[in-house]
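Top to bottom, those sequences are chains F and L.
With the first letter of the first sequence counted as 1, position 5 gets the number 141 in the working numbering; the numbers rise by one all the way through.
With the first letter of the second sequence counted as 1, position 38 gets the number 174 in the working numbering; the numbers rise by one all the way through.
2 protein chains.
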Amino acid sequence: MELLKQRIAQEGEVKGDSVLRVDRFLNHQIDVKLLKEIALEFYRRFGQKEITKVLTIESSGIAIGAFVADAFSVPLVFAKKHQSTNLGDDVYTVPVTSFTHSRTYDVTVDKNYLRQEDSVLIVDDFLARGCALEGLVALTEKAHAHVAGIGIVIEKGFQGGGDRLRRRGYPLESLVVLESLRPLVYRDEPCKAR
Amino acid sequence: MELLKQRIAQEGEVKGDSVLRVDRFLNHQIDVKLLKEIALEFYRRFGQKEITKVLTIESSGIAIGAFVADAFSVPLVFAKKHQSTNLGDDVYTVPVTSFTHSRTYDVTVDKNYLRQEDSVLIVDDFLARGCALEGLVALTEKAHAHVAGIGIVIEKGFQGGGDRLRRRGYPLESLVVLESLRPLVYRDEPCKAR
Chain F
137 MELLKQRIAQ EGEVKGDSVL RVDRFLNHQI DVKLLKEIAL EFYRRFGQKE ITKVLTIESS
197 GIAIGAFVAD AFSVPLVFAK KHQSTNLGDD VYTVPVTSFT HSRTYDVTVD KNYLRQEDSV
257 LIVDDFLARG CALEGLVALT EKAHAHVAGI GIVIEKGFQG GGDRLRRRGY PLESLVVLES
317 LRPLVYRDEP CKAR
Chain L
137 MELLKQRIAQ EGEVKGDSVL RVDRFLNHQI DVKLLKEIAL EFYRRFGQKE ITKVLTIESS
197 GIAIGAFVAD AFSVPLVFAK KHQSTNLGDD VYTVPVTSFT HSRTYDVTVD KNYLRQEDSV
257 LIVDDFLARG CALEGLVALT EKAHAHVAGI GIVIEKGFQG GGDRLRRRGY PLESLVVLES
317 LRPLVYRDEP CKAR
């Protein structure tokens, strides 16, 4: 998605070899106009499938999930990152390791909101090692629902999580796949002198 | 807002005397069509003001914040609940007590995304004692930005946080204000036999 590459080039900040901060438009301050374009792009890629629900994980997946759910006219469900005192006991739970925050937490979804008859489009802003995303896939499968598609805004291809899920046969589409951050190289780009 | 009262009556779950769960359409599973109606209602109430940014707090404010920001055609900024390793040092920070989770945490916003020239509409899904909301007001004022309005979906009036902010002069509008949960009584409702 060219528009996204432009924004990453203009406003992304690379920290070290593996961190790309896009707080200016995606993760902290949110450019809703861009997110609506992203949602339409996911609709172009997955719109031919029957989707009954969009699933994401708090917090930074929620805004993109909201616009994708709107594009598909279905509800959004966001998985929660730890047992909330306000959440019922009747939940699916999967433990997930966060490398960003160096801890393991439980990811939960109320059983009422993910059902066997659901055909689920999973979306998230970032995909790196893929632990959170594998948690969402596991929750969906615990509910015996169908993973109809996985849509990611920015995949850090060099961290391997996306290819692991593709090898397992999931229809995973990332709007951009980065092969390296220094220099910024995208997968499937034609070779050129750098 | 009548539509919201209907949904609370049909799908809300009252737990004890002070907890109203609306996980079916607002807090966990999100009815995006309803959220867009809510966003339009906020636009009707605050649209005559100059708004440059919508501010909310993770996680459950993000979806409503996204649609409100879209209605006003401005960016959404969501405050983060604890110092993230990916967040820069250049942040405004306010300590906030959560009664729901019985702990105190830091609420932060990157200084780049809240500026002196901003005229801010603060939104959140729930208002009870108002600690999180007071944190958002304090962050805005630390940035010397203007609190142009505060929009709340569901206010639990009997917990006092909203009236405390109104007494301080903030233009706070809640789409519904509950005076009690058992029975469900809304503020400003005409008396009737119950």
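All residues carry an ideal CB built from backbone N, CA and C; glycine is no exception.
So residue i and residue j are in contact, right, with Cβ under 8 Å, and what is the actual spacing, rounded?
i: valine 256 of chain F; j: lysine 189 of chain F; result: 5 Å
i: arginine 157 of chain L; j: lysine 151 of chain L; result: 6 Å
i: alanine 268 of chain L; j: isoleucine 193 of chain L; result: 5 Å
i: glycine 298 of chain F; j: leucine 320 of chain F; result: No, glycine 298 of chain F and leucine 320 of chain F are not in contact; Cβ-Cβ is about 17 Å, not under 8 Å.
i: glycine 266 of chain F; j: arginine 304 of chain F; result: Wrong, their Cβ atoms sit about 10 Å apart, outside the cutoff.
i: isoleucine 288 of chain L; j: leucine 191 of chain L; result: Contact doesn't hold; Cβ gap of about 13 Å is too wide.
Within this structure, are the beta carbons of residue i and residue j separated by less than 8 Å?
i: alanine 279 of chain F; j: arginine 251 of chain F; result: yes
i: arginine 323 of chain L; j: aspartate 153 of chain L; result: no
i: isoleucine 290 of chain L; j: leucine 314 of chain L; result: yes
i: tyrosine 249 of chain F; j: valine 273 of chain F; result: no
i: serine 196 of chain L; j: asparagine 163 of chain L; result: yes
i: alanine 199 of chain L; j: leucine 171 of chain L; result: yes
i: isoleucine 174 of chain L; j: alanine 284 of chain L; result: no
i: lysine 247 of chain L; j: aspartate 260 of chain L; result: no
i: phenylalanine 178 of chain L; j: valine 213 of chain L; result: no
So, helix, strand or coil for residue i, using DSSP?
i: tyrosine 179 of chain F; result: helix
i: tyrosine 306 of chain F; result: coil
i: leucine 162 of chain F; result: helix
i: leucine 171 of chain L; result: helix
i: lysine 278 of chain F; result: helix
i: glutamate 315 of chain F; result: strand
i: lysine 185 of chain L; result: coil
i: arginine 265 of chain F; result: coil
i: arginine 300 of chain L; result: helix
i: leucine 156 of chain L; result: strand
i: glutamine 252 of chain L; result: coil
i: glycine 197 of chain L; result: coil
i: arginine 330 of chain F; result: With a pLDDT of 48 at arginine 330 of chain F, under the threshold of 50, the modelled position of that residue is not reliable, and no figure is offered here.
Evaluate residue i with the Cβ neighbour count: other Cβ atoms within 10 Å of its Cβ, from every protein chain shown; 16 or more gives buried, anything less gives exposed.
i: arginine 330 of chain F; result: Residue placement at arginine 330 of chain F cannot be trusted, given a pLDDT of 48 that sits under 50; what the coordinates show is reported in the next sentence. Answer is exposed; the Cβ neighbour count stays below 16.
i: histidine 237 of chain F; result: exposed
i: aspartate 167 of chain F; result: buried
i: glutamine 142 of chain L; result: exposed
i: proline 211 of chain F; result: buried
i: serine 310 of chain F; result: buried
i: phenylalanine 235 of chain L; result: exposed
i: glutamine 184 of chain F; result: exposed
i: leucine 139 of chain F; result: exposed
i: alanine 202 of chain F; result: buried
i: glycine 296 of chain F; result: exposed
i: valine 230 of chain L; result: buried
i: alanine 145 of chain L; result: exposed
i: glutamate 270 of chain L; result: buried
i: arginine 239 of chain F; result: exposed
Return the bridge partner residues of residue i from the DSSP annotation.
i: threonine 229 of chain L; result: L:Thr244
i: glycine 285 of chain L; result: L:Leu257
i: leucine 191 of chain L; result: L:Val213 and L:Ile258
i: serine 234 of chain L; result: L:Arg239
i: tyrosine 322 of chain F; result: F:Leu314
i: lysine 141 of chain F; result: For lysine 141 of chain F, which the question treats as bridged, DSSP gives no partner whatsoever.
i: isoleucine 290 of chain L; result: L:Phe262 and L:Val312
i: glutamate 147 of chain L; result: Glutamate 147 of chain L is not bridged to any residue.
Is residue i close to the ligand MN? I mean its beta-carbon at under 7 Å from any heavy atom of the ligand.
i: lysine 185 of chain L; result: You won't find the ligand MN in this model; it holds no ligand whatsoever.
Kindly list, in the order they appear in chain A, the residues whose Cβ is closer than 8 Å to that of residue i.
i: isoleucine 286 of chain F; result: Within the model displayed, chain A is absent; protein chains F and L are what it includes.
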